[in-house]
Each structure stands twice: as C-alpha cells, then as structure tokens.
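Here the structure comes first, spelled out in structure tokens, and everything after it is commentary.
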Amino acid sequence: MFWNHVSEQLSAYCHGELRPEESRRVAEHLMSCRRCRDEYEETRFVAQLASRLSHDLAREQAPAALWAELEVMIDRSETPRRKPRLAGTPLRIALAGAAALALAIGVFWFYPRASRPAWDVTRIEGAPKVGSKAVMEAGKLRVGEWLVTDDSSRAEIRVGEIGQALIEPGSRVRLVEAKADEHRLALARGKMQAFIWAPPRQFYVDTPSAVAVDLGCAYTLEVGDDGQGLLSVIAGWVAFEWKGRESFVPAMAMCVTRPQLGPGTPYFSDASEDFQNALAIFDVAESGSDARLNALQSVLAKSRKRDALTLWHLLVGADGGDRLRVYDRLAELIPPPPQATPEAVMRGDRGALDLWWEKLELGSAEWWRIWKGPVPSQTK
Amino acid sequence: MSEQASERRLIEACQRGDREAFRDLYDAHKDRVWSVAVRFTGDESVARDVTQQVFLKLFTSIAQFRHEANFKTWLYRLAANECMDEFRKRRRLIPFDFFRPVPLDDRDEDHGEVNAPDWRQEPLQEASLARLEISEAVLAAVMQLKPKLRMAIVLKYFEDLSYEQMAEALGCSMGTVASRLNRGHKALAQKLGRLRGSLGAAE
C-alpha cells in the first residue's frame, strides 16, 4: 500500500518509540516500499552518526567558576527591596497619584536615555567580548551584559561619569547597575583596576564572596576561579563587606575575601610574610580552635605599630578571650584613650572603639559612621 | 536511601531556603544543564549565561516544584526554555565563521518567525569538510539546525531522553517530538550525506 507511506514515523521507529502494532506495520511497509526504505536508511545513518557523536564526546562539564558567578547573582536576587507601608487610604491614593504623575513626566522626559543604560567599553588589546560579540575598538556594555577578556585581551570600562575600570586578561565582568547613584559591576573572575573620582559609596563591585564599596579611591581587585578575592588599595579607602561582615582597607593595605567566609582582616602590604601567613590562618580557622589561637599569638607577636590597622579590626572581630589578647597588644602599640577600657571594648562600645581608631591616625571614623552607622561587625 | 528519596530531601531543603542544599543540587545537575546549553548554543560564553539563568530561575522558583513531576525533566524544561529565549534575544548563535547565510526556503509551525533574520546556513563546503573530523562535521551540522529541531536532537542524542521525557521538557506532544526529530534527521542527512563513505572507514 504505497499510498500509505510511513515517512513521518521513521524516527520513532528507529528509536523504538512506536507501539508494537505500529512498529509491525512500519516494518511491513518498509519491506514493500523502496521510497520509505531509502528514507529509513537515511534516518538510520544520521541516527548512527549522532549516537556515535554522543558516545565519542565526553559529557561537557560546567566550568568550575560558574557557581561563584551564580552565587553573586543569587545574592543580588535576594537583596530585600524596600516597600513602604502607607497608613490610611486617602494618603495612599494621593501618593499613588503623585507617583504616577511623576512617573509619567519621568518617562516622557527621560525614557530614551534611561531605557538603555550602558557604559562605554574601549578595547586596549586583544579581542575582548561583550556577550558573544567582539569589541573592535569601542563598544557598549549594557546592564546585564558580560564583558569577557581572554588571556591576551584587556579592555577599559568607563564607569558612567565617575571613573574607569581597566579589565585585565582572563576576566569576566558584568554590568549590574548603571544608575546615577549606584554604579555596580560584578567581577566573577579575573582582575580589574578601578580609579574612581566620585564621592564615596557610588561605585560597587560584587565578587563571589564580598562587595567592594568605593570610598573615593584607586584599587585593584582580583577574583580566582575558586571565588577567593584579593583587594589591594592604591589610594583612598575601600570597604569590603559581605553578609554583615565588613573590612575597611586604606591605601597600601590589602584584604582577602573567601567564599563562605567573606572579607578577612585587612593588613598593610609591607607587613612581614609571617604576619600575613598567621593572619590568613586566623581568618579561616575554626573559632576556639588551637590553630586559631596559635595564629593569633603569632600575629600579635609579629605586629608593628603600623599593624594597628589589623589589630583594631581583630578587636572587633575576635572572640572574648582572643579579644582581650588583642586589646593588650594594641594598647602596647597605641595606648587607648581613657574611654576605651577593657570592659568598654569587651562589650563592643562603639564610641570607645571610635576614639581608639582616631588615635591610629589613619583618618577620621566619622566618614564611615555617616556612611554605615555600626562598627564593623564580628568576624566569627 | 534511594537516589530519588535523597533528591527529594535535597529539593525540600532548597524549598526551605537552604543555600548549602542548593549548592548540592547545583553540583548534581550543573553538567546536565551546561551540556544542553553548550550543545545548543555552540558558544561557551552564551552557555554560561544560559546556565546561570537556568539556576537562578531554579533558585527563585523551586518552591513551586511539586514532586509529582520529574525534577530532571523539569530542569530540562527550564534549560530548553532558556536556550530558546536566548536564541530569540540574540538571533544568531553560530560561532563558526565559515558558514554563510542562505535565504529561508520553507517554514512550518516550528520555524516560527516569518521576519526573523535567517540563521540557517548552507551545507558544508568541500574544502571545510576536508579539514574537519567526522564528529566536528556532525556537531557543526547540528549547530545549523533550526532551534527547535536542534533542541530535539540535543535532548535525544546528548541527553538520551525518551520521547515522553522530551515532550514534557519541551512542552509539546510526543507526536511533535517525533516530527521534530524526523525533520532534524532529514536536515542532517542532507548536510552529512557525503560522510556516508567515511563512516565505515573511520570505524
């Protein structure tokens, strides 16, 4: 019955997806129909090629750094949005009306510009890409897009009107926000140098384990494939924060941030290698463990007057007994003001800690009080 | 504990907002999603975006997952939808620069957009074919398929799904799955016919 060809069923027949009676009918038809038989041979040939291909190729494996990038996005998606609750219907209606009017005016005047937030990207060398498209000489990085540099590419991002970021080879950077009061990139991996000339807290860089908040500065930020980051400040100040933990990093100082742990304790880059190694152990060791205590003792023993920056951060980050040890050493290096008694520091008296900070002569505590309010929170 | 029960517990932990559990769920399924994304898009950079979006959507919507559905198939559905969305956004995902576009010659329910830029390509040139290994030629031919046909081929041959699972993942009937595979096979046969001789020789 050549008028009842089985062309449409050949793939299902080939894959054994037909019911037994259908399968038998197709088989019988193939025996007597040259045309369908040729088509079946063709289908079988392609199925054989495709099966062989999937057999020959190892299953593709997701890049190791993907989780770190995803975690940044998840953190961003979880950022609580403020929803003011309005009491009283008339007020709600009046404000809703005003908001609608303001929105209408805003859309009318600003829509063409605001609808396409993007920053300029300039190729420095190699073949940087925005998404899958190569940046020839200059291009745009729009909100949500990734700029990717391979091992031989570099690019510069113009951070709105407030600064620039040089993206080094092997990096992956996403434009998260491009608002007048919030300029935000996400560095998933690689290295960038940022130079920001705007007032503090307008430029943020999300990394897999901390957010770098610009406080008027120049700095480099590196993120490895494992999500660990390293911040080196060249000028000004940068705050590193993550889930309530904060570190304040001045010029010539550095700070490591680690997945699951967040920012570590900042230190000056000229601190001894032993000091830096012991600090790294202290930052990752279990609270109350011997390793943590030994590391702390080593940090305190190797500390110079200049390392008061580190000790002050430890003061607010260490546990009870450890905090007293830090207090004693910091008091030797920088005598505390009368208000910063051991008792005041042990109970986390913000005013006392601020006064002691002022004596470090690293800059006034006022600027971050205005910015944040609370002192850097406890480390463990 | 069976694999199914263990996965159920993991999903329930994710539904309670347990980030560590979500990390475990991600580890268990990341290669699956990545494989579909990279085989479909042929571009690692785009596949990264697709994979991240799939897991971000999974993270935000896992509370809606009901255990009567198969989780893997549900995830394939998220992946397939994200791939198609990405295609619509980018229109062109062909990473191989030796392909040249040709005009649309036919359309049907799967080919979709009448005014969409043509992203299909002409058959491989002799000179290019000579440079490619058989597997590369097949991969390249798969990349030239129309998106819905390509997704069907990827799910069948790279993920080894049954027609029923594919129908669930693609949100269509098993008849449509069979039809897409049929057309995919025919298109591939047209592009790869010249490999007939080399298949036996390469064994």
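Line order of the protein sequences matches chains A and B.
All residue numbers for the first sequence refer to this note's numbering, where the first residue is 1 and numbers rise by one.
All residue numbers for the second sequence refer to this note's numbering, where the first residue is 381 and numbers rise by one.
Where is the CB? At the ideal position from N, CA and C, for every residue including glycine.
Check for me: the beta strand (DSSP E) holding residue i runs from which residue to which?
i        : result
A/TYR204 : 203-207
A/ARG258 : 253-258
A/THR122 : 118-125
A/PRO250 : 245-250
A/PHE195 : 183-196
A/ALA178 : 172-178
A/ALA138 : 138-142
A/LEU147 : 146-148
Taking Cβ positions, are residue i and residue j nearer each other than 9 Å?
i        : j        : result
B/LEU575 : B/VAL522 : no
A/ASP225 : A/ALA65  : yes
A/CYS352 : A/ILE334 : It should be noted that the sequence gives Ala, not Cys, for residue 352 of chain A. No; because the gap between Cβ atoms is not below 9 Å, this pair is not in contact.
A/ALA155 : A/PRO117 : no
A/TRP382 : A/TRP357 : The shown model of chain A, from 1 to 380, leaves out residue 382 of chain A, and the question about it has no answer.
B/LEU438 : B/LEU455 : yes
A/ALA253 : A/VAL233 : yes
A/PRO336 : A/LEU330 : yes
A/SER77  : B/THR431 : no
B/VAL416 : B/LEU561 : no
A/ALA198 : A/ALA239 : no
A/SER11  : A/ALA47  : yes
A/ALA280 : A/VAL249 : no
B/MET554 : B/GLU544 : yes
A/LEU185 : A/VAL205 : yes
A/PRO200 : A/TRP146 : no
A/ILE196 : A/LEU166 : no
B/LEU529 : B/ALA460 : no
A/GLU21  : A/GLN9   : no
A/ALA180 : B/ILE533 : no
Hey, how far is the Cα of residue i from the Cα of residue j?
i        : j        : result
A/GLN164 : B/PHE420 : 36 Å
B/ASP585 : A/GLU69  : Residue 585 of chain B is absent from the structure shown; chain B starts at 381 and stops at 583.
A/SER269 : A/ALA251 : 10 Å
A/VAL72  : A/THR207 : 7 Å
B/GLU502 : A/PHE203 : Low confidence applies to B/GLU502: its pLDDT is 42, below 50, so where it sits in the model is not reliable, and the reading given next is rough at best. So the two alpha carbons sit approximately 48 Å from each other.
A/ALA104 : A/PRO259 : Per-residue confidence for A/ALA104 stands at a pLDDT of 44, beneath the threshold of 50, marking its modelled position as unreliable; no derived number is given.
B/SER542 : A/ARG158 : 50 Å
A/GLU17  : B/ASP465 : 29 Å
A/GLU387 : A/ARG245 : Here chain A covers residues 1 to 380 and nothing more, so residue 387 of chain A does not appear.
B/THR556 : B/VAL426 : 27 Å
A/ARG172 : A/GLU28  : 58 Å
A/ARG24  : A/LEU30  : 10 Å
B/PRO527 : A/GLU60  : 20 Å
A/GLU168 : A/GLN193 : 8 Å
A/GLY262 : A/PHE45  : 55 Å
A/CYS14  : B/ARG457 : 24 Å
B/GLN505 : A/ASP283 : Here B/GLN505 scores only 48 on pLDDT, less than 50, and its place in the model should not be relied on; the value that follows carries that caveat. Roughly 59 Å between the two C-alpha positions.
B/ASP540 : A/ARG34  : 30 Å
A/GLU41  : B/ALA449 : 37 Å
A/SER289 : A/GLY227 : 25 Å
A/GLY317 : A/PRO266 : 12 Å
B/ALA547 : B/GLN524 : 22 Å
A/GLY126 : A/ARG189 : 18 Å
Report the CB separation of residue i from residue j in whole angstroms; it is logged as a contact under 8 Å.
i        : j        : result
A/LEU141 : A/LEU175 : 5 Å
A/GLU161 : A/LYS191 : Not quite, the Cβ-Cβ distance comes to about 24 Å (not below 8 Å), so this is no contact.
B/GLU387 : B/PHE451 : 6 Å
A/THR149 : A/ALA138 : So it is not a contact: roughly 15 Å between Cβ atoms.
B/GLU462 : B/GLN444 : Actually they are not in contact, since the Cβ atoms of B/GLU462 and B/GLN444 sit about 16 Å apart, beyond 8 Å.
A/TRP67  : B/TYR537 : About 27 Å separates the two Cβ atoms, so there is no contact after all.
A/LEU53  : B/SER515 : 5 Å
Could you tell me the boundaries of the alpha helix (DSSP H) in which residue i lies?
i        : result
B/GLY564 : 554-572
A/ILE162 : Per DSSP, A/ILE162 belongs to no alpha helix (DSSP H) and is neither H nor E.
B/GLU383 : 383-395
A/SER232 : From DSSP, A/SER232 is part of no alpha helix (DSSP H) but of the beta strand (DSSP E) over 229-242.
A/LEU330 : 320-333
A/VAL316 : 308-317
A/VAL345 : 342-346
B/LYS536 : Where B/LYS536 is concerned, there is no enclosing alpha helix (DSSP H), given that its DSSP letter is neither H nor E.
B/GLU424 : 424-441
A/ARG350 : 350-359
B/VAL418 : 399-421
B/ALA517 : 514-524
A/ARG19  : A/ARG19 -> no alpha helix (DSSP H), and no H or E assigned at all.
A/CYS421 : The structure shown has nothing for residue 421 of chain A, since chain A only spans 1 to 380.
A/SER298 : 290-302
inquiry  = Count Cβ pairs between the segment 337-348 of chain A and the segment 295-304 of chain A that sit closer than 8 Å; are there 3 or more?
reply    = no
request  = Evaluate contact between the segment 400-412 of chain B and the segment 118-138 of chain A, counting only Cβ atoms and requiring at least three cross-stretch pairs below 8 Å.
outcome  = Cβ pair count under 8 Å is below three, so no.
query = Touching or not, the segment 199-218 of chain A and the segment 268-277 of chain A, by the rule of three or more beta carbon pairs under 8 Å?
reply = no
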